[in-house]
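Chains as they are written, first to last, in full-length UniProt numbering: chain F, 1 to 362; chain U, 1 to 414; chain H, 1 to 498.
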Amino acid sequence: MKKTRLKSRELFAIVVVVVGFKLADTTPAQYAQEGQNAFWLMPIISFLVIFPSFLLLMYLLKKYKDKNLIQLMMIILGRPLGTITGLVVFFIAYGLLIFDARNYADQTKLLYFPESPTPVILVIFLIVTFFGAKRGFQAIGTSTFVTLPYLKLSVFMLAVLIIQKVVWLRIFPIFGEGLGTILWEGAKRGATFSDLFIITIAYTAFKNGKTFSKGIYFGALFALFEIVFFFLLYTTLYDYNSIDKTAFPFHDITQYVNFGEFFTNVETFFMVFWLGAAFLRFIILVYLASWILGEVLYMDEFEPFILPLTFFIFPFSLLVENTILNELVWRNSLFIIATPIFILLPLILWVTAKAKGDLKKQ
Amino acid sequence: MNRLSLLLYLFCFSTLVGCYDRIELEQQSYVIAIGIDKTDEEGLVDVTFQIANPEVGSTPGGGGEGEEPKETVTLTGTDIISATTTANAFVSKELKLDHTKAIVISEELARSGEFLRVIQAATRTNQIRRGVQIIVTKEPAQEFLNNNKPKMETRPHKYYQLMLNRASEIGIIPDADVHRFFQITEGDADLFLAPYATTEIEEQKKGTTEDDYIAGNVPQQGGSSSQFMGSAVLKEGTMIDVLNGAETRIALTLDNTIELTDIYSTYKDPIKPKYRVAGSFGKKRNTEVNIDYKKNGTTKIDILVPFELEIFSVPSLVDYSRNEKNKEILRKSIEDELEENAKVLIKKSQEEYGSEPFYWSLYVRDNFKTVKEYEQADWNKKIFPTAEINIEYHLIKLEFGKAIDDTKLNEVRD
Amino acid sequence: MFPFLKSKNQTKDNNKDNSQKVLIYKEVEKNNEYIRQLFFAEKNKDFSFRTLTAKYIQKKVHIFFYSSIVNSEKIYNGIIRPLLEADGQSIKDVITIESLTEIKDFDQVVNQINSGKAVIFIDGDTTAYSIDVAEFQARGVEKPENERVVKGPKEGFTEALGVNVSLLRKRFHNHSLIAETALIGTRSKLEVSLMYVNDLVDQDILKNVRERLENISADNVSSIELLEQYIEERPYSIFPTILYTERPDYAAQFIEDGYIVLLMNNSSAALVLPATFWSFFHSSEDRYARFLFGNFTRIIRMLAFAITLLSSATYIAVTNFHSEMIPPDLLLAITSARERVPIPLFLEVIIMEVAFELIREAGIRIPNPLGPTIGIVGALILGQAAVEAGVISPIIVIVAALSGLTSFAIQNTSLNPSVRLSRFLFIFCASFFGMLSLVAALVIWVLYMSSIKSFGVPFFAPLSPHFKSRGDIYFRNVIKHEFWRPGQIKPKDKRKSN
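Shown next as structure tokens:
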């Protein structure tokens, strides 16, 4: 992949859209199932669990200059083993994508288009994804950066509106279900931040390692802050008994807020930005997934993969019977499986590289 | 050329296909208020929809001759959502609940405990917003909606919007939306207050102060036949009592989760008890609630209510503004009066209700680390009813309006 | 279909022509005959020639020119009189007019005569001489019609190349401001002037432009508007990639920053390249107005941009799919107005939008004396009467008028149609799946814009990808605080002095 003209600011935007968007999908509902009113603490745990591994990966990428995630694995682990681990990473990335696709289509249908069938909405999603991803990485980066201020402005507005209605004391009892539960369940969901690993496939598209690490670290921290802050708002707006009953807390609060007495039902306003972010997130992830597959299969041009990868999301994501099953069983299990993989992967790479003596050269 | 024609085909296709959720405005009817009543049969309720007539009062010169600004229909069904489709047997358009301003339930239904079940079903769809207000009426909701004929705000949505806002701002009825109802009911610790209203004007009882009434006995001459005053107390989704306007106001001042504007009310004149002093009560700071929780033993609850008062009328003409001694007497008397009233309400809630409508359970929570511990400690069964409660009102600022002194009436008469 | 194949054939033809160059004969009569044949002198009434005997060598001299494109006084005073009266060693001593070019073959003769020069043949000489006496008829310098400003110069480009070059030189006095000439067209060769500052312009971009000009294989490219379409990268694109401006001051601003400006005869406008979204969006007046007011105008323009693009589409999406969003008072008002309207809301909007476009089109074409009628007819028939007849609801008139009016705030003549076309695109999308498809279209639209490049410069640069620039993106800076030239066009001297 040749270099693009993108800089840290575009990467920052990409990370914020991809990772930070989790505050507005069903991730909070998943966390709340276990943590009750202390679930806002859990993303911090998840982040802490997975971040050291990520730092290790960034260290390796820096050492091996100008290699992206898959190329790095190929070099360190050798071709056959590298291909297998590469495929594992690809399947996790693609799997999460499939569940997310269903998830977003279902949310859109349930909340805004009750009469329309899910497949039709899914098709619209995929058409946009395909045409968007086809435009190439630089266009994706640029448009994410250009639209990010508007997306964040809408989220900020929502926060300002909802802050008037929250009751801060609801964060007590501080540990909700108990400290043990929070730590364990939080740690299990480290894969919430797995997108950070997937984004490292674009390492080579940026000018240098410094540009990349600056963008991804700031992006990750901002996204974490955003997620924790919004989870805190959810906790304090709902009480511990109600929080685990709402499947889409983000949309629920957009339905609750109003701009003064005249504009009482403003959820569609926020939905516009939510949809925009969802489309962008999807475009980015499909593009990265085809990139990973292209690298794993040693292809020079990976963009032809975009069409089949987008297309196959459709049948696969419709396999699951309903949203709740999709969410709470399948997506959740994939999260729990993916977490240890992403924690261990950089460790394995590091140990192998150390054993081979590659790291001493510089 | 080819690309262009392809695009044109696509456009035509898109406009023809897009019909899943597309619906024209005039094909919908907008429900403004929903009434729910108990029926004789278990599991069935009477649902009343009050539908706005867009043709009346919305455009100058528009509107059918002699049409009513609203249509009110009642039918029997299991829940609100399925009733909307049944209603199409006699309403010509699809009913939309998105613009519902209020859900009206009859006292009978509220007392039976069925209400929670009915409202729960409604929140599964997103048609009924969490911001919708709940109103409890003395008579069946159907009657209330039919009899409620405001004279000025003939368009129903305007009426509910204005009426509920104003009345809850001044604290004679609580601000009670569906969201709060669920948080309190599911939290299972506190009492929920819902506005109490009626159109049945009873024999008017002579109240002592201006807000010592409940809906139905406010002395009124002329105007609309519906009154909003006081509140229904709901415990775990079941109505147990009615508070009058004054009590509601006290409950609201003690609750920090509710915003209040300045309230005009009158207080005893300590020097000439025949008269009363009028002023506006302002709660500018939060009520301080300190709970000293003891696991085995009596929990102590200290409450301090800081408030401001601006006196604007002293009919007795006693000089309170410049005479420091009088001022002190007035201050003391007002604080005592407020404390007295609050104590009565607190006692009532401890003894009669076994829980409180002030949302104080929030303040005990930081004594617990986990939800389990908190639930075992059981606020409304074990802690609150036996707690020792001290309440103190503290007047932090006393002002006397813009006039320095009142006109001396006897001097004028000379 | 296959432009590169075609161009190959063409160049072959050209080569063949070149190999058969006809040189000028020694005998003047032979030359005379040949030229008269070449220019169909019998039929061509404005093709003129004079024969006279030059005093200084006492030989026969023939002069050929088109009488319609030369200055006849100049011919008399500068050529005929000196030839008849003056003495001297060679023709250069006799004819003292500023330009005198020697020509050897007839191809050049034809070119020179066609571009308004007089060509002199001397008996016994194999060299002909061409003298610039051209005077193409053109308007004087007038106000620009389409890009008006309140504060700022009122001169506009005119249809004469020389005047246009002079208008630009007037604004930037620098020895390295170059007006390079390129000839385009195979049948009719016309001059294109590339103007740039030599020590600022990026050589890659310049090379790119030269190549594209050379590769034009059309018979005739008669004006800059056509040239734009010959050198742009994506003819099907909904967005322009070359800035078209009628204002010399605006073009000069770009030259100062290291951009390239193309000028031609026959067009009262210049092309500026490479262009970005911002150069279309900004207007020259933004810089003439003081800091606060200039930025206030920008806010207004952004608002206008959003309204004209999305108001009708949003209206359809909201009323047809998300009626819960409308405040009840407005909702009931719209509903009651629509109760008796016989067509779906989507059609209502389309009818009004199309009607507005019709009025606009008619307004441009209508003869001047009838001008005022368009307003009366438009306002009365389409506005009031249609509402009173119950064909459309009054609120649609507001929506359509708003989106139509605000479209005039996008002053740029290239971006304006893009926005109007996109508006229709969004209207159709909104009617398909409400906000869902509207946002979908918007996302693809933005992504498409981000992928456009104009001569290698990304469309949204310098916002993203980021380049050092003077910070004139959404808002402009205080003029004194602009330190950098736009980095996306890689000027040789990045730092600006203030």
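Cβ atoms here follow ideal geometry from the backbone N, Cα and C, with glycine treated the same way.
- Linking Asn88 (chain U) to Gly43 (chain U) through their CA atoms gives a straight-line distance of about 21 Å.
- Counting only Cβ-Cβ distances below 8 Å, Arg338 (chain H) has contacts in chain U at Glu24, Leu25, Glu26, in chain order.
- Judged by DSSP in its simplified three-state form, Gln28 (chain U) adopts strand.
- Phe342 (chain F) is positioned such that its CB atom lies no closer than 9 Å to that of Ser154 (chain F).
- When the beta-carbon positions are compared, Ser99 (chain H) and Ile131 (chain H) come within less than 9 Å of each other.
- By the neighbour-count definition (other C-beta atoms within 10 Å, threshold 16), Asn323 (chain U) is an exposed residue.
- For the pair of segments examined, the stretch 234-244 of chain H was found not to touch the stretch 200-207 of chain H: the number of CB pairs separated by less than 8 Å stays below three.
- In the DSSP annotation of this structure, the continuous segment of the alpha helix (DSSP H) that includes Asn165 (chain U) starts and ends at 156-169.
- Look at Trp360 (chain U) here: in three-state DSSP terms it is coil, with no helix or strand label.
- A direct Cα-Cα distance of roughly 49 Å separates Ile334 (chain U) from Pro28 (chain F).
- His251 (chain F): not part of any beta strand (DSSP E); member of the alpha helix (DSSP H) spanning 249-256, first to last residue.
- With its beta carbon at least 9 Å from every one in chain F, Val272 (chain H) lies outside the interface.
- Bridge partners of Leu234 (chain U) according to DSSP: U:Phe192, U:Met239.
- Here Asn286 (chain U) is near Asn256 (chain U), since their CB atoms are less than 9 Å apart.
- Against chain H, the beta carbon of Lys96 (chain U) has neighbours under 8 Å at Ser323, Glu324, listed in chain order.
- Residue U:Thr74 holds the alpha-carbon nearest to the alpha-carbon of Val91 (chain U) among U:Thr74, U:Asp302, U:Leu254, U:Thr198.
- Secondary structure note for Ala52 (chain U): its beta strand (DSSP E) is the uninterrupted segment 45-52.
- Neighbours of Ser242 (chain F) across chain U, judged by C-beta separation under 7 Å: Phe182, Gln183, Glu186.
- Assignment of Thr72 (chain U) by DSSP, reduced to helix, strand and coil, places it in the strand class.
- Measuring C-alpha to C-alpha distances from Ile242 (chain H) to each of H:Ser469, H:Gly456, H:Asp93, H:Asp472 identifies H:Gly456 as the nearest.
- The beta carbon of Gln27 (chain U) sits closer than 8 Å to the beta carbons of Lys93, Glu94 from its chain, once the five residues preceding and following it are set aside; these are given in chain order.
- One Cα belongs to Glu310 (chain U), the other to Gly178 (chain F), and the distance between them is close to 49 Å.
- Following the DSSP letters along the chain, one finds Asn290 (chain U) inside the beta strand (DSSP E) bounded by residues 288-292.
- Assignment of Gln227 (chain U) by DSSP, reduced to helix, strand and coil, places it in the strand class.
- Within chain H, the residues whose beta carbon sits less than 7 Å from that of His157 (chain U) are Pro328, listed in sequence order.
- In the displayed model, Phe296 (chain H) falls within a helix according to three-state DSSP.
- Looking only at H:Val150, H:Ala179, H:His175, the smallest Cα-Cα distance to Asn164 (chain H) is reached by H:Ala179.
- Fewer than three pairs of CB atoms, one per stretch, sit closer than 8 Å, so the stretch 49-65 of chain F makes no contact with the stretch 295-309 of chain F.
- For Ala430 (chain H), the uninterrupted alpha helix (DSSP H) run begins and ends at 415-451, by DSSP.
- For Val419 (chain H), no chain F residue has a C-beta closer than 8 Å to its own C-beta; the minimum C-beta separation is roughly 17 Å.
- Scanning U:Ile346, U:Lys300, U:Gly297, U:Val277 for the CA closest to the CA of Pro315 (chain U) turns up U:Val277.
- At a cut-off of 9 Å between beta-carbon atoms, Gly237 (chain U) makes no contact with chain F.
- Pro344 (chain H) belongs to the set of residues whose beta carbon lies under 9 Å from a beta carbon in chain U.
- Take the alpha-carbon of Leu83 (chain H) and the one of Val70 (chain H): they are about 18 Å apart.
- Membership of Asn241 (chain F) in any alpha helix (DSSP H) is not indicated, and neither H nor E is assigned to it by DSSP.
- Excluding five sequence positions before and after Pro249 (chain F), the CB atoms of its chain that fall closer than 6 Å to its own CB belong to Pro28, Tyr234, given in chain order.
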